[in-house]
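Inspection log for the structure reproduced underneath, given as structure tokens.
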Amino acid sequence: MRNQLSVILDLNEAHCHTLGQLTVDRPLGSVPFGGKFRLVDFPLSAASNAGVTKTMMGFQLV
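As structure tokens, then:
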């Protein structure tokens, strides 16, 4: 299999209005989900299951 690269961008647009205080001090991807996971875990898991060997992540900090 050829090398594959995935890119995951987490761009908050002046704080997500629907999540209110959860995204004031952190990127959306780091918001807890289900007490055990972070939102960014799901696209990372999907990329891993698809055989992607390298992943780049970008976050916008305000």
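Heads up: take any position in the sequence shown, counting from 1, add 1, and you land on this note's numbering. Yeah, the Cβ is synthetic: ideal placement off N, Cα and C, and Gly gets one too.
For the alpha helix (DSSP H) holding residue 7, just list the boundary residues, first then last. Taking the sequence shown and counting its residues from 1, the one referred to as residue 7 is at position 6. No alpha helix (DSSP H) contains residue 7, which is instead part of the beta strand (DSSP E) from 6-11.
Would you tell me roughly how many angstroms separate the C-alpha atoms of residue 46 and residue 6, rounded to the nearest one? Counting from one through the sequence shown, the residue named residue 46 turns up at place 45. Counting from one through the sequence shown, the residue named residue 6 turns up at place 5. Approximately 14 Å between the Cα atoms of the pair.
Do the CB positions of residue 28 and residue 11 come within less than 9 Å of each other? Within the sequence shown, numbered from 1, the residue matching residue 28 stands at position 27. Within the sequence shown, numbered from 1, the residue matching residue 11 stands at position 10. Result yes, Cβ atoms of residue 28 and residue 11 sit closer than 9 Å.
In this structure, does DSSP put residue 24 in helix, strand or coil? The residue labelled residue 24 in the question sits at position 23 within the sequence shown. Residue 24 falls in the helix class under three-state DSSP.
Can you look up residue 59 in the DSSP assignment and give me helix, strand or coil? Sequence index remark: in the sequence shown, residue 59 carries index 58 (1-based). Of the three classes helix, strand and coil, the one that applies to residue 59 here is strand, per DSSP.
Taking the Cβ atom as the reference point for each residue, do residue 39 and residue 30 lie within a distance shorter than 9 Å? Mapped onto the sequence shown, residue 39 falls at position 38. Mapped onto the sequence shown, residue 30 falls at position 29. Taking 9 Å as the cut-off, the beta carbon of residue 39 is found closer than this to the beta carbon of residue 30.
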